[in-house]
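Residue numbers for the sequence shown, in the numbering used here: 547 to 860.
The C-beta atom is built at its ideal place from N, Cα and C for all residues, glycine as well.
None of the values given here were measured: they were computed from a predicted structure.
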Amino acid sequence: MANLLVSVLFSSYNGASRRLRHTLDSLVRQELPHDQWELIAVDNNSNDDTFDLLKSYSDKLPITILQQHKPGKSGALNMALDLVKGDLIVLTDDDVRAEPNWLKAIVDCAAAHPSYGVFGGRIVPEWEKEPKDQFIQWIPMGSTFAIVDETQSGPCDPTKVWGPNTIVRRELLGTSVRYREDIGPLPGKIFAMGEDAEIIIRLAANGAKSYRCAEAVVHHWIPASSVTEDWVQKRGERLGYGMPALFPDEVPGGVRLSGVPLPTWIESAQWAFRAAVLYLLPQSKKRFWAIWKYYYMRGYRAGIRRYVPETMAQ
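This is the structure:
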């Protein structure tokens, strides 16, 4: 096994009230010796016992605990990035359960493929309640639940590297590449999804190659409250809100009405009409997607106003 030092980073907002203990317990069980990795955990403005819970693992984990009182995951991770010592930076969440060989598999994979700068491991769902409704087969699992259950290792598209199991070589981040703090989870309001994807896309544009390490596995907790048609459809609004931030060049040009390009208004109207027609009909894939796209386009319009104002349009 290569002698690569690993820095594991995550932020937690009220994690003690949810799944943080399960995440920490899975890190305690890692096969990689403590002298080969560190954990930097950020208590991001929690109002529960998150900080005390993190402290209780000080004698079980090679942990550094930070407190960021400004809400926002991206800002919290930037604080952690300023302290990393590892050759590999592993970015994850506070609601995963890592397999015992997770970090060892990451090190072995990075050592075996030195020309790759970004790695993504498998992310499999850990359902609070196994979904039985057929709509679960229709949804985009990656953008909805950050699930990437690909079992084949090999080069991959950077858009297939997802947040809870993202690995980047430290030299690619340097001192200047950081998370955009106008993207990412914020409590209590709509936010642009894609803070992890944005930084990987940026690195890829600078030439970094991505590799899927299927042997590195985490289980991502999916609460039962998130496995409903209504929740998934409305999550499409957050996805749409973030797309202009990630892909501003794909926003249509031309005439704008209320800050939104005319073609976007036309597409929005088409999906709104389909959603209205199908809304009262029985459950179907066509009905589900019409409503999902209605919410997605609503978020997309708001994202254009936020991230691609007319002064920036081509």
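Quick one: measure Cβ to Cβ for residue i and residue j, integer angstroms, because I've assumed they're closer than 8 Å.
i: R668; j: A762; result: 7 Å
i: R820; j: L827; result: In fact, because the Cβ distance is near 11 Å, the residues do not count as touching under 8 Å.
i: L634; j: R716; result: 7 Å
i: F556; j: D628; result: 15 Å between Cβ atoms; not a contact.
i: V773; j: P677; result: 5 Å
i: E783; j: I736; result: 7 Å
Within 10 Å of its beta-carbon, does residue i have 16 or more other beta-carbons around it, so buried, or fewer, so exposed?
i: L895; result: The structure shown does not extend to residue 895, since the chain is modelled only from 547 through 860, so no value can be given for it.
i: N752; result: exposed
i: R781; result: buried
i: Q779; result: buried
i: R575; result: exposed
i: I817; result: Checking the sequence, you will find Trp at residue 817 rather than Ile. Buried.
i: Q860; result: Any reading at Q860 is ruled out, since the residue's pLDDT is 47, under 50, leaving its predicted position unreliable.
i: W777; result: exposed
i: S558; result: buried
i: Y825; result: exposed
i: V544; result: The requested residue 544 does not occur in the structure, where the chain is confined to residues 547 to 860.
i: G799; result: exposed
Along the beta strand (DSSP E) that carries residue i, what are the first and last residues, could you check?
i: H766; result: 756 to 768
i: Q614; result: 609 to 614
i: S553; result: 552 to 558
i: T712; result: 712 to 715
i: L585; result: 583 to 590
i: E672; result: 664 to 673
i: L637; result: 634 to 637
i: A658; result: Looking at the DSSP string, A658 is not in any beta strand (DSSP E); the run it does join, the alpha helix (DSSP H), is 648 to 658.
i: A644; result: 642 to 644
Cutting at 7 Å between CB atoms, please list the residues of its own chain near residue i, excluding the five before and the five after it.
i: N647; result: E577
i: P769; result: E674
i: S689; result: L785
i: A754; result: G663, V664, L718
i: R724; result: N624, L627
i: H580; result: P608
Is the CB of residue i under 9 Å away from at least one CB in chain D?
i: S804; result: Annotation note: the requested chain D is absent from the structure, which comprises a single protein chain.
Please return the same chain residues whose Cβ sits closer than 8 Å to the Cβ of residue i, not counting the five positions on each side in sequence.
i: D695; result: R668, I669, V670, P671, M687
i: F597; result: D589, I611, Q613
i: P855; result: G805
i: N593; result: N560
i: Q698; result: R758, A760
i: G666; result: V694, C702, K706, V707, W708, N711, T712, I713, S756, Y757, R758, C759
For the alpha helix (DSSP H) containing residue i, list its first residue and its last residue.
i: R748; result: 741 to 751
i: R847; result: 831 to 853
i: R781; result: 775 to 792
i: R925; result: Absent from the structure is residue 925, since the part of the chain shown begins at 547 and ends at 860.
i: N624; result: 619 to 627
i: R567; result: 566 to 574
i: K601; result: 596 to 601
i: F691; result: 687 to 691
CB-CB under 6 Å to residue i, same chain, minus the five flanking residues each way: which ones, in chain order?
i: S572; result: R643, A644
i: A562; result: D594, D595, T596, L599
Handout entry: Validate contact between the region 789 to 800 and the region 840 to 859 using beta carbons, cut 8 Å, 3 pairs
Key = Taking 8 Å as the limit for Cβ pairs, the verdict is that the region 840 to 859 does touch the region 789 to 800.
Practice task
Answer yes if the region 700 to 707 comes into contact with the region 727 to 734, meaning at least three C-beta pairs across the two stretches below 8 Å, and no otherwise.
Solution key: Contact fails: fewer than three Cβ-Cβ distances are below 8 Å.
Problem - At least 3 beta-carbon pairs within less than 8 Å: the region 656 to 665 vs the region 603 to 623 - result: Contact between the region 656 to 665 and the region 603 to 623 is absent, because fewer than three Cβ pairs lie under 8 Å.
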